[in-house]
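Here's the structure we're looking at; comments come further down.
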Amino acid sequence: MTTTVERAGPKERSGAPRTPRARRPGRIRRVGLPYLLLLPALLLELLVHLVPMVIGAVMSFKELTQFYIRDWGSAPWSGLDNYRVSVDFDAPVGEALLHSFLVTVGFTLLSVGLCWLIGTAAAICMQDTFRGRGLLRALFLVPYALPVYAAVITWVFMFQHDNGLVNHVLHDQLHLTDKPSFWLIGDNSFWALLTVSVWKGWPFAFLIVMAGLQNIPGELYEAAALDGAGVWQRIRRITLPSLRPVNQVLLLVLFLWTFNDFNTPYVLFGRTAPEAADLVSVHIYQASFVTWNFGTGSAMSVLLLLFLLVVTGVYLALTSRGRRPADA
Amino acid sequence: MPKSPMAPPSSFLWTRRVFLTLLTGFVLVPVYVMVSSSLKPLADVTGAFRWLPSGLTLRPYVDIWSTIPLARYFVNSLIVAGAATVCSVVIAVFAAYAVSRYDFRGKRVFTVTVLSTQMFPGILFLLPLFLLYVNIGNATGIALFGSRGGLILTYLTFSLPFSIWMLIGYLDSVPRDLDEAALVDGCGPLGALFRVVVPAAIPGIVAVAVYAFMTAWGEVLFASVMTNDTTRTLAVGLQGYSTLNNVYWNQIMAASLVVSVPVVAGFLLLQRYLVAGLTAGAVK
Amino acid sequence: MRRFRAAAAGAVTVSLLTAVTACGGGSSTGGGSDDSPKTLTYWASNQGASIEVDKKVLQPELDKFEKRTGIKVKLEVVPWSDLLNRILTATTAGQGPDVLNIGNTWSASLQATGALLPWDAKNLVAIGGRDRFVDSALGSTGAEGKDPAAVPLYSMAYALYYNKKMFAEAGIAKPPATWAELVADGKKLSKGGKWGLGTEGSNPSENIHHAFVFAKQYGADFFAADGKPDFTGEGAVAGVKQYVDLMATNKVIAPGNAEYAQNQSVSDFAKGKTAMLLWQSASANLTSQGMSEDDYGIAPVPVQSGTPGTGAQVNSMVAGINLAVFKNTDNLDGARKFVKFMTGDEEQKVLNTAYSSIPPVKAAQADASFNTAANAVLKDTLAQSAAALPQVADESQFETAVGTAIKGLFADAAAGRPVTTDSVEAALEKAQQQMPAA
Chain A
548 MTTTVERAGP
558 KERSGAPRTP
568 RARRPGRIRR
578 VGLPYLLLLP
588 ALLLELLVHL
598 VPMVIGAVMS
608 FKELTQFYIR
618 DWGSAPWSGL
628 DNYRVSVDFD
638 APVGEALLHS
648 FLVTVGFTLL
658 SVGLCWLIGT
668 AAAICMQDTF
678 RGRGLLRALF
688 LVPYALPVYA
698 AVITWVFMFQ
708 HDNGLVNHVL
718 HDQLHLTDKP
728 SFWLIGDNSF
738 WALLTVSVWK
748 GWPFAFLIVM
758 AGLQNIPGEL
768 YEAAALDGAG
778 VWQRIRRITL
788 PSLRPVNQVL
798 LLVLFLWTFN
808 DFNTPYVLFG
818 RTAPEAADLV
828 SVHIYQASFV
838 TWNFGTGSAM
848 SVLLLLFLLV
858 VTGVYLALTS
868 RGRRPADA
Chain B
13 MPKSPMAPPS
23 SFLWTRRVFL
33 TLLTGFVLVP
43 VYVMVSSSLK
53 PLADVTGAFR
63 WLPSGLTLRP
73 YVDIWSTIPL
83 ARYFVNSLIV
93 AGAATVCSVV
103 IAVFAAYAVS
113 RYDFRGKRVF
123 TVTVLSTQMF
133 PGILFLLPLF
143 LLYVNIGNAT
153 GIALFGSRGG
163 LILTYLTFSL
173 PFSIWMLIGY
183 LDSVPRDLDE
193 AALVDGCGPL
203 GALFRVVVPA
213 AIPGIVAVAV
223 YAFMTAWGEV
233 LFASVMTNDT
243 TRTLAVGLQG
253 YSTLNNVYWN
263 QIMAASLVVS
273 VPVVAGFLLL
283 QRYLVAGLTA
293 GAVK
Chain C
-7 MRRFRAAAAG
3 AVTVSLLTAV
13 TACGGGSSTG
23 GGSDDSPKTL
33 TYWASNQGAS
43 IEVDKKVLQP
53 ELDKFEKRTG
63 IKVKLEVVPW
73 SDLLNRILTA
83 TTAGQGPDVL
93 NIGNTWSASL
103 QATGALLPWD
113 AKNLVAIGGR
123 DRFVDSALGS
133 TGAEGKDPAA
143 VPLYSMAYAL
153 YYNKKMFAEA
163 GIAKPPATWA
173 ELVADGKKLS
183 KGGKWGLGTE
193 GSNPSENIHH
203 AFVFAKQYGA
213 DFFAADGKPD
223 FTGEGAVAGV
233 KQYVDLMATN
243 KVIAPGNAEY
253 AQNQSVSDFA
263 KGKTAMLLWQ
273 SASANLTSQG
283 MSEDDYGIAP
293 VPVQSGTPGT
303 GAQVNSMVAG
313 INLAVFKNTD
323 NLDGARKFVK
333 FMTGDEEQKV
343 LNTAYSSIPP
353 VKAAQADASF
363 NTAANAVLKD
373 TLAQSAAALP
383 QVADESQFET
393 AVGTAIKGLF
403 ADAAAGRPVT
413 TDSVEAALEK
423 AQQQMPAA
């Protein structure tokens, strides 16, 4: 899909008609245009993402506590100490980080899995036209459209121990538990977090899968139907395999976003999360901003980044076998 | 047989009905709680939960504007999110056009780098970024830290990777013939971009704009560090309801509703474009 | 066409410039000087029932100041949940307010950053001299042996607030003076959906304030003499356990309190759901929630035995707010004038009355208005039986680490899990390990 012709720069006369693939020998070609087009994006990425990230990595090698925060350049170098502390799984700091990390992995896998399942099921169900489909589709998008804090604060209200809807329904009305449970502290906080994350996130999977479904030619279904395949078989044999390229990207993106999600646990639990739901993003936030230990916090962030790089690399390697050699 | 082979069996129809009903309930309950609680008098939300309000009142909607300076936060969020969206879309279109239509050295590096920024944990570059802004501010006099501009720059960069990636996919699906026709007509490549490609890519661009707006509207972490009283956005400002001695849940719900309306309304109005944009963009 | 290229470049540049500059709001000056002699930025903490109340209280005083000195004060009232973070951000950025309120417990930590103006002899003389201030308040202004990093502004102490009617109904003649009595009374009061005592189990700061006092009553400090953390000593563990046991074993605190972090316990008390409350200077807050001063009584916080005093008879931390100046201020002179104004006898009376706190300025404290029954308990506690939280550089990490550990213990108690000496010690051990290596 991409041409390999380098176009003449706009400063050249562009009035003369010529076929796009012809090259004029001897003509000075300005090949700067693509770079020029990319420049703003590149500059911004450098300024906001890449340079700070490098600085953050540098900070991880320094002992950056409240004593040095005013002038971080003069903080003493601590070599790999911050990293050692973070990965020493026998000491509380490393142990807490590992625990937080495992909680996050479990949470992310569950959340992504459920979001994908529900989203795909909903997309498949909504394929055929039925009365009220448009309205339902609009309704389904609402959780995703709501700003994070509005959605999560509503769930905080619902998860209140004394006055919340969840306990009201489970305990007072359905009598499923013999006393009201705690959802925002204690072990149940993991499930509360998962519920909120899935509630908010599944419409995105729904959207993407729905878009993907539209690209599947109807004839495939008709042919299969004529061959005698029932609905479930058609889903299994045609829909899911056709969605494979979409799903591969969707799952990766969802995984990265959910793993790095700070907003949801922060609004749900505040600055310190309960142990059962101690996601690594809030954990690192606490380790840096709340305890003023930015060196260690940076080291943990770098470790997190390395982990995600490895996961992404492995995932892309595994999935690229089935992909066509596309551009990027 | 009256049924065509394509018609789903009733078992499927029933499963579908049950599933969609349950899903609708799951989605609706918190929305109902938000709406109904925003209309309840304070007593209803401080005692045991009631499904139905004891009396409907619009009082919370009046009070929210005075309990915290909600209007100011609203305006700040609008400015920040709006500007970030516009800039992000413009820059993403340029970058995606370059990648989609040209083959140049470093293309692969560029796309991989940009996409890989999705993995960066925000917390890693939060402190360095804000130090960078402070230093730039001290060196050049352009106030980035604490200003809306700094936040706009940050947000527009956050949404760039995904936007560029989506637009690349979408632009790839816009046929080259359109470009070529424009070039034959005498436009330069940029002319082709503006006259032909952009209009054909409207759904993709709308999808990207919606995504960028939502990202900026909802971001909490950087807003909490990079704003001061004048420039505070809704994301941080809404926390103000929770620090009062009495937690006014009905006001919190009312405020949540008020700040959600523009985003949700925009999203729903534009969902058609969003789906079309994703169809071609996400699915290569 | 060329114009498209120019247009494109123009569009990008314009949009970026617009983004960066058109919607300012930030400032880019820094450095301590007297560059802006006519303005001051003041970050006040949330002392009143709401941010709006604080603004209403402070604005007339700031106008007064402006009239006298010609300096305009830009006020921002920062909620507690944000204040330390904002101060930290300002410290890191080198830009922030000129004057600010800080929790007095943060004094040593903030002092260690070097961001605050030290109140050396010269500065103190400029505001009237060190002797104007009550000693106990001065004890919470920074590390020992160093110049204060801030000056005391409001002083508060913990007291036991009790609901007179509920006590009468339960047949309790007077408020408990020891913890054993409190538990006994609490059990009598914890029935019929009401509870004896309330607490903010999810608020690390509140937890620390109480744990500190309990530990003191067992003869323990959370920090050793050399400043190193020592959270797992017998006294500390026993103290924390006794505090959490109020919910876990004694059951005089409702389990739901484990979730409280937004002063719900004060609301519960105001509404008559709990009969007792351990709180700092709650009068203004209770009045704003509709509780009349006749409905409740104020007593000193209980001790293990005997009467409140020093050493193991301590029953409150020295609570309070200090006023600090940022070293990077560009109106040093104005800032000093402002501090002088706010710690002046007249302003001390006005502000402390509004916030139902006690002036840390001797002359103002002696005023008759601070001798009411309500204030008498607080004054006496401050003078006789209050101790300052450790003034070490790691103090705020200590608050977070131990406060959060106690939050976890309350969560265990609320869930019905056993809270034993071992589990308390384990939680405190973990907290200690999170402290930065000295």
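Chains as they are written, first to last, in this note's numbering: chain A, 548 to 875; chain B, 13 to 296; chain C, -7 to 430. The beta carbon of each residue, even a glycine, is placed where N, CA and C say it ideally should be.
Within chain C, partners of residue i - CB distance below 7 Å
{"i": "Asp241/B", "result": "Glu68"}
{"i": "Phe86/B", "result": "Those do not exist, as Phe86/B stays about 14 Å from chain C at its closest Cβ, beyond 7 Å."}
Cβ shell of residue i (< 7 Å), same chain only, five flanking positions each side left out
{"i": "Phe142/B", "result": "Phe157, Val237, Met238"}
{"i": "Phe729/A", "result": "His708, Asn735"}
{"i": "Tyr85/B", "result": "Arg244, Thr245, Leu246, Gly249"}
{"i": "Asp46/C", "result": "Ala36, Asn38, Gln39, Gly40, Val69"}
{"i": "Gly23/C", "result": "Confidence in Gly23/C is poor, its pLDDT being 40 and thus under 50, which makes the residue's placement too unreliable to answer from."}
{"i": "Thr724/A", "result": "Leu717, His718"}
Element boundaries [alpha helix (DSSP H), containing residue i]
{"i": "Leu790/A", "result": "Segment: none, Leu790/A is in no alpha helix (DSSP H) and carries neither H nor E."}
{"i": "Gly603/A", "result": "598 to 606"}
{"i": "Gly408/C", "result": "Taken as a continuous stretch (DSSP letters only), Gly408/C belongs to no alpha helix (DSSP H), as it is neither H nor E."}
{"i": "Arg631/A", "result": "628 to 634"}
{"i": "Asp55/C", "result": "43 to 61"}
{"i": "Ser828/A", "result": "827 to 832"}
{"i": "Asp337/C", "result": "337 to 346"}
Close-in-space but distant-in-sequence residues of the same chain around residue i (CB under 8 Å, 5 per side omitted)
{"i": "Ala418/C", "result": "none"}
{"i": "Ile782/A", "result": "Ile671"}
{"i": "Ala169/C", "result": "Ala291, Pro292, Pro294, Val295, Thr299"}
{"i": "Lys726/A", "result": "His718"}
Bounding residues of the beta strand (DSSP E) (the contiguous stretch that carries residue i)
{"i": "Ala36/C", "result": "31 to 37"}
{"i": "Leu67/C", "result": "64 to 70"}
{"i": "Asn93/C", "result": "91 to 95"}
{"i": "Trp187/C", "result": "187 to 190"}
Burial state of residue i, where buried means 16 or more other Cβ atoms lie within 10 Å
{"i": "Gly301/C", "result": "exposed"}
{"i": "Phe159/C", "result": "buried"}
{"i": "Pro140/C", "result": "buried"}
{"i": "Asn794/A", "result": "buried"}
{"i": "Pro211/B", "result": "exposed"}
{"i": "Trp624/A", "result": "exposed"}
{"i": "Glu766/A", "result": "exposed"}
{"i": "Asn363/C", "result": "exposed"}
Chain-ordered chain C contacts of residue i [CB-CB under 9 Å]
{"i": "Leu143/B", "result": "Thr84, Ala85"}
{"i": "Val626/A", "result": "For clarity, residue 626/A is Gly in the given sequence; the question names Val instead. What Gly626/A touches in chain C: nothing, since even the nearest Cβ is about 14 Å away."}
Closer than 8 Å at the beta carbon, the chain A residues around residue i
{"i": "Val287/B", "result": "Leu754, Met757, Ala758, Gln761"}
Own chain, CB closer than 6 Å to residue i, minus 5 neighbours either side, in chain order
{"i": "Thr31/C", "result": "Lys64"}
{"i": "Leu168/B", "result": "Ala96, Cys99, Ser100"}
Under 8 Å from the C-beta of residue i: neighbouring residues of chain B
{"i": "Thr81/C", "result": "Phe142, Val237"}
Listed by chain order, chain B residues near residue i by CB distance under 9 Å
{"i": "His715/A", "result": "Ala60, Phe61, Arg62, Trp63"}
Chain B contact residues for residue i, given Cβ-Cβ distances below 7 Å
{"i": "Leu856/A", "result": "Met131"}
{"i": "Ile732/A", "result": "By Cβ distance, chain B contributes nothing, its closest Cβ being about 16 Å from Ile732/A, past 7 Å."}
Closer than 9 Å at the beta carbon, the chain A residues around residue i
{"i": "Lys431/C", "result": "For residue 431/C there is no data in the structure shown, the boundaries of chain C being -7 and 430."}
{"i": "Ser37/C", "result": "Those within 9 Å of Ser37/C in chain A number zero; the least Cβ separation is about 17 Å."}
Neighbouring residues, chain C, relative to residue i (Cβ below 8 Å)
{"i": "Val640/A", "result": "Gln425, Gln426"}
{"i": "Arg783/A", "result": "The premise fails here: Arg783/A is roughly 43 Å from chain C at the closest Cβ pair, so nothing lies under 8 Å."}
Listed by chain order, chain A residues near residue i by CB distance under 7 Å
{"i": "Gly248/C", "result": "His708, Asp709"}
Whole runs of the beta strand (DSSP E) within the segment 144 to 183 of chain C, excluding any shorter than 3 residues: 150 to 155
Runs of alpha helix (DSSP H) lying entirely within the segment 264 to 313 of chain C, each at least 4 residues, in chain order: 275 to 280
Length at least 3, wholly inside the segment 729 to 756 of chain A: the beta strand (DSSP E) runs in chain order: none
Within the segment 92 to 118 of chain B, ranges of the alpha helix (DSSP H) (whole runs, at least 4 residues): Listed in chain order, there is nothing to give.
Uninterrupted alpha helix (DSSP H) stretches inside the segment 348 to 385 of chain C (no shorter than 4 residues): 354 to 357, 365 to 372
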